Amino acid sequence: MRLALLLMVVLGVSGCVTSAPSSEPARQMAVMADAERALDESLALLMQRGYVITMADGGLGRIDASLARSPGYRVEVRVTENMPSGASIALQAFRGGRLLPATTVEPLFVELQRRLAEAP
Numbered sequence: 006m007r008l009a010l011l012l013m014v015v016l017g018v019s020g021c022v023t024s025a026p027s028s029e030p031a032r033q034m035a036v037m038a039d040a041e042r043a044l045d046e047s048l049a050l051l052m053q054r055g056y057v058i059t060m061a062d063g064g065l066g067r068i069d070a071s072l073a074r075s076p077g078y079r080v081e082v083r084v085t086e087n088m089p090s091g092a093s094i095a096l097q098a099f100r101g102g103r104l105l106p107a108t109t110v111e112p113l114f115v116e117l118q119r120r121l122a123e124a125p
């Protein structure tokens, strides 16, 4: 009896912690810049726009950042080498564990495209 009750509590709590996977893919673009430059420009842009960088790992090609003002949300940036043409950048925004629409990160994409189109 106790085991069944404990199992129900654990399953109930785990259902609250996990979120349903989203069917919307990450906003992604290929750029004519190497992965290092794409990651550097992404990091600089996020900092200039008021995001707090919570994790940045060049080896993984990953940046996690949170917007410190309202409406607060978290952004994940993934940069991968896309030989021979450059790199691929993927951005997703989350609030409370839920994926936000791609339009949330669209202004970041527009600015990144502009920056990466300029000569280094």
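According to my numbering, the sequence shown holds residues 6 to 125 in order.
C-beta: ideal position from N, C-alpha, C; glycine also.
Here the structure is a predicted model, which is why all the values come from computation and not from measurement.
- Where Ser75 is concerned, there is no enclosing alpha helix (DSSP H), because DSSP gives it neither an H nor an E.
- The residues Leu48, Ile68, in chain order, have a CB closer than 7 Å to that of Ala61 in the same chain once the five nearest residues on each side in sequence are set aside.
- When secondary structure is reduced to three states using DSSP, Arg103 falls in the strand class.
- If you look at Ala40, you'll find it in the alpha helix (DSSP H) that goes 40-53.
- For Glu111, the three-state secondary structure derived from DSSP is helix.
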